[in-house]
Amino acid sequence: MATYCITDFGAVADGKTNNSSSIQRAIDTCSEKGGGRVSIPSEGIFVSGTIQLKKGVDLHLEDGAVLQASREPCDYASARLAGEYGGNSGGFLIQAEDADHISLTGHGTIDGQADAFMAGWSADAGKHIRQPKEFRPRVIGLFGCHRINIRGITIRDAAQWTCHLTGCEDVVIHGITIRNALDIPNCDGIDPDHCRNVHISDCHIEAGDDGIVIKTTREYTQYGPSENITIKGCTIISTSSAIKIGSESADDIRDIIVSGCIVKRSNRGLAIQLRDAGNVENVIFSNCIVETRAFHKKYWGNGEAIYITAANRHEDKPFGRIRNVVCQNIIFRGENGVFIQSAEPGHIRDIFLFAINGIISKVSAFPVGFHDMRPRFSQEHGGLEEGKLSGITAIFVEGLTIKNSGIQFEGEERHHWNGYLSTEHVEQLVVENFRKEEVEISE
């Protein structure tokens, strides 16, 4: 494989110089000559603004190498790729469009310099959420690309979305580490959006928003559904959902398998959050360990270990359906259990809970007595309503099967919960070998 070192194209590892043009020349030369490796050496800090990956290029960070995001907004491209959703607008550090056979590999680090794009603390959440400046960049944005390989690298301190894949196919993300601050909003870990054939494995992710979130955003419906996606063997810490489908669901999301993952210190564990016209179907969550806790109400999440909800984001807009979801061999401990709710009948059906075993106890200082259906009523925080919880809560579900499962309450603060199982307007309910002190079923 031909290798092109960025220092041979004028890059300087002084932690100050904007090396965008030097790195871009190396990438362009590599691609024009048939592809190969562009090397970022381990000899200092290389600052850069937006760089564009090209066909056939492996951008390789050597062990100890640091590619650092520029602090200057003028160093970032602000084309349509930046978008205007998911928080404040901002360009990408690394982006590509309609490029095949591209890679990001190595054991070096990409530093997003998040602190440089923060303006202090949120006025209404105190020292729980940082307040972004008007501009903050994202780290990686790949659009309409095929045969993508991201391996080994560490990404830290993203100021916004870390790895956004839109309309991409045949993607492997393996063994990467994402360490974002837990108090910076919208710094998701990995976002496959309108993507197909994506395999994410053995990654460690810490994020001040969702860890891994599968989307179909309204801005890019030309790319079609998200489907054939596997998430395996990841460890995740999140200030929102660790692994989520939605809430952006303008197109269908289907054929998803999540297995062997460990979730720690998250507002929400395994989630499906449908709020738009697309449908979600054929999803398996299996063999996972989930630990949740409640946190400040400005973050979505109410300590749910498993969360499946469908509602319309806007009152005058339709919303899709969730069906064929299997949750099996899930062990959880946290401040909430399983929450399944549709805003109206006919939108959630065929949900299977097999070997779901959890301990619920109050451990944080934050309240948990809510049914969290956010976002609703055209508001980011619309849909958060006071309500009693149960170990398993199900409302407006057609076909719910619970087998070989159990809930245990621990501690003395039980006034937040109705009981072990509470259902309203659930049709075709099957409960077998549900271990509990009592079962409360009300219609």
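Numbered by our numbering, the letters in the sequence shown go through residues 261 to 703 in order. Think of the CB as a built atom: it goes at the ideal place given N, C-alpha and C, for glycine as much as any other residue. Everything numeric in this text was worked out from a predicted model, so none of it was measured.
Checklist entry - What residues match up with E564 in a beta bridge as DSSP calls it? => result Taking the first residue of the sequence shown as 1, we reach residue 564 at position 304. DSSP output for E564 lists R528 as bridge partner(s).
Checklist entry - Cα-Cα, which of I413, A374 and R396 is closest to D323? => result Indexing the sequence shown from 1 puts residue 323 at position 63. Per the Cα distances, I413.
Item to check | Touch test, the region 583-592 against the region 628-640, Cβ-Cβ under 8 Å, three pairs minimum | outcome: no
Next on the checklist: Using 8 Å as the threshold, is the C-beta distance between A356 and L425 below it?
Outcome noted: Numbered from its first residue, the sequence shown carries residue 356 at position 96. Numbered from its first residue, the sequence shown carries residue 425 at position 165. No, the pair does not count as a contact, with Cβ atoms beyond the cut-off.
Item to check | Beta-carbon contacts of F669 that lie in its chain and below 6 Å, excluding the five residues immediately before and after | outcome: In the sequence shown, the residue the question calls residue 669 occupies position 409. Contacts found: I620.
Checklist entry - What does P627 pair with, by DSSP beta-bridge criteria? => result On the sequence shown, residue 627 is found 367 positions in, with the first residue counted as 1. Its beta-bridge partners do not exist; DSSP assigns none.
Checklist entry - For G372 versus R439, is the C-beta distance shorter than 8 Å? => result Numbered from 1 along the sequence shown, position 112 holds the residue referred to as residue 372. Numbered from 1 along the sequence shown, position 179 holds the residue referred to as residue 439. It is not a contact, given that the beta carbons lie outside the stated cut-off.
Checklist entry - In whole angstroms, what is the alpha-carbon distance linking G643 and N596? => result As a working mapping, residue 643 is identified with position 383 in the sequence shown. As a working mapping, residue 596 is identified with position 336 in the sequence shown. If I take the Cα positions, the gap works out to 18 Å.
Checklist entry - Would you call the CB atoms of I287 and L313 closer than 8 Å? => result Working through the sequence shown from its first residue, we reach residue 287 at position 27. Working through the sequence shown from its first residue, we reach residue 313 at position 53. Their beta carbons are under 8 Å apart, which means I287 touches L313 by this criterion.
Next on the checklist: Assuming V540 and I505 are in contact, meaning their beta carbons sit under 8 Å apart, how far apart are those beta carbons, in whole angstroms?
Outcome noted: The residue given as residue 540 occupies position 280 in the sequence shown. The residue given as residue 505 occupies position 245 in the sequence shown. With a Cβ gap of about 6 Å, V540 and I505 count as contacting.
Item to check | Reference D360, options G294, G671 and K387, closest by Cα | outcome: Residue numbering aside, residue 360 sits at position 100 when the sequence shown is read from its first letter. Minimum Cα distance to D360 is reached at G294.
Checklist entry - Candidates G561, S280 and H406: which alpha carbon is nearest F352's? => result As a first step, residue 352 is located in the sequence shown; it is residue number 92 there, counting from the start. It is S280.
Checklist entry - Taking one C-beta from the region 474-490 and one from the region 442-458 each time, how about it: are there three or more such pairs within less than 8 Å? => result yes
Checklist entry - Within 10 angstroms of its Cβ, does A419 collect 16 or more other Cβ (buried), or is it exposed? => result For this step, residue 419 is matched to residue 159 along the sequence shown. Classification for A419: buried.
Next on the checklist: Is the beta carbon of A329 closer than 8 Å to that of P397?
Outcome noted: Here the question's residue 397 lines up with position 137 in the sequence shown. Here the question's residue 329 lines up with position 69 in the sequence shown. Result yes, Cβ atoms of P397 and A329 sit closer than 8 Å.
Next on the checklist: Just to confirm, is the Cβ distance from R573 to G563 under 8 Å?
Outcome noted: For this step, residue 573 is matched to residue 313 along the sequence shown. For this step, residue 563 is matched to residue 303 along the sequence shown. No, the pair does not count as a contact, with Cβ atoms beyond the cut-off.
Item to check | Cutoff 8 Å; reference R634; Cβ partners in own chain excluding five residues on either side | outcome: On the sequence shown, residue 634 is found 374 positions in, with the first residue counted as 1. So the list reads W560, E640, H641, G642, G643 and L644, once near-sequence residues are dropped.
Next on the checklist: Can you confirm whether the region 500-518 touches the region 529-537 when touching is taken to mean that 3 or more C-beta pairs between the two stretches lie within less than 8 Å?
Outcome noted: yes
Checklist entry - How should I471 be labelled, buried or exposed, when 16 other C-beta atoms within 10 angstroms of its C-beta is the threshold for buried? => result In the sequence shown, the residue the question calls residue 471 occupies position 211. Looking at the sequence shown, residue 471 is not Ile but Gly. G471 comes out buried.
Item to check | Residue closest to D430, alpha-carbon to alpha-carbon, out of R407, Y480 and N617 | outcome: Taking the sequence shown and counting its residues from 1, one reaches residue 430 at position 170. Taking only the C-alpha atoms, the option nearest D430 is R407.
Checklist entry - What does a CB cutoff of less than 6 Å around C463 pick up in its chain, not counting 5 residues either side in sequence? => result Residue 463 sits at position 203 when you count from the first residue of the sequence shown. If we look at C463 and ignore the five residues flanking it on each side, its Cβ neighbours are I436 and C494.
Checklist entry - Could you give the distance in angstroms between the alpha-carbon of G404 and the alpha-carbon of T476? => result As a first step, residue 404 must be located in the sequence shown, where it is residue number 144. As a first step, residue 476 must be located in the sequence shown, where it is residue number 216. Computed Cα separation, rounded: 14 Å.
Item to check | Three-state class that DSSP yields for Q482 in the structure shown | outcome: As a position in the sequence shown, residue 482 is number 222, starting the count at 1. Three-state result, Q482: helix.
Next on the checklist: Less than 6 Å between C-beta atoms, sequence neighbours within five positions excluded: which residues of the same chain meet that for P707?
Outcome noted: There is no way to answer for residue 707, as the model of the chain reaches only from 261 to 703.
Checklist entry - What separation, rounded to the nearest whole angstrom, lies between the Cα atoms of I460 and S546? => result Counting from one through the sequence shown, the residue named residue 460 turns up at place 200. Counting from one through the sequence shown, the residue named residue 546 turns up at place 286. Going from the Cα of I460 to the Cα of S546 covers about 15 Å.
Checklist entry - By a C-beta neighbour count over all protein chains shown, 10 Å radius and 16 as the cutoff for buried, is A379 buried or exposed? => result The residue labelled residue 379 in the question sits at position 119 within the sequence shown. So A379 counts as exposed.
Checklist entry - Below 8 Å between beta carbons: does that hold for A570 and R636? => result Along the sequence shown, read from residue 1 onward, the residue named residue 570 stands at position 310. Along the sequence shown, read from residue 1 onward, the residue named residue 636 stands at position 376. No, they are not a contact pair.
Next on the checklist: On the CB-based measure, 16 or more other CB atoms within 10 Å of its CB, does V690 come out buried or exposed?
Outcome noted: Position 430 of the sequence shown, counted from the first residue, corresponds to residue 690. Its Cβ having fewer than 16 others within 10 Å, V690 is exposed.
Checklist entry - Along the chain, where does the beta strand (DSSP E) that runs through C423 open and close? => result For this step, residue 423 is matched to residue 163 along the sequence shown. Segment C423 to T426, the beta strand (DSSP E) holding C423.
Item to check | Residue burial classification, G343 (beta-carbon count within 10 angstroms, cutoff 16) | outcome: The residue labelled residue 343 in the question sits at position 83 within the sequence shown. Low local confidence applies: a pLDDT of 43 at G343 is under 50, so the model's placement there is unreliable, with the coordinate-based value given in what follows. By the neighbour-count rule (16 or more Cβ atoms within 10 Å), G343 is buried.
Checklist entry - In whole angstroms, what separates the C-alpha of K276 from that of F306? => result Here residue 276 corresponds to residue number 16 of the sequence shown, with the count starting at 1. Here residue 306 corresponds to residue number 46 of the sequence shown, with the count starting at 1. Distance between the alpha carbons of K276 and F306: 8 Å.
Item to check | A510, DSSP secondary structure in three states | outcome: Here residue 510 refers to the residue found at position 250 when the sequence shown is read from its first residue. If DSSP states are grouped into helix, strand and coil, A510 belongs with coil.
Checklist entry - CA-CA distance, T422 and I354? => result Counted from its first residue, the sequence shown places residue 422 at position 162. Counted from its first residue, the sequence shown places residue 354 at position 94. Taking the straight line from one Cα to the other gives about 10 Å.
Checklist entry - Under a three-way DSSP split, which group does C767 fall into? => result Here the chain comprises residues numbered 261 to 703, so residue 767 is not present and cannot be evaluated.
Checklist entry - Which first and last residues belong to the beta strand (DSSP E) in which H459 is found? => result Mapped onto the sequence shown, residue 459 falls at position 199. R456 to S461 is the extent of the beta strand (DSSP E) around H459.
Item to check | DSSP-derived helix/strand/coil call for D335 | outcome: In the sequence shown, the residue the question calls residue 335 occupies position 75. Correct three-state label for D335: helix.
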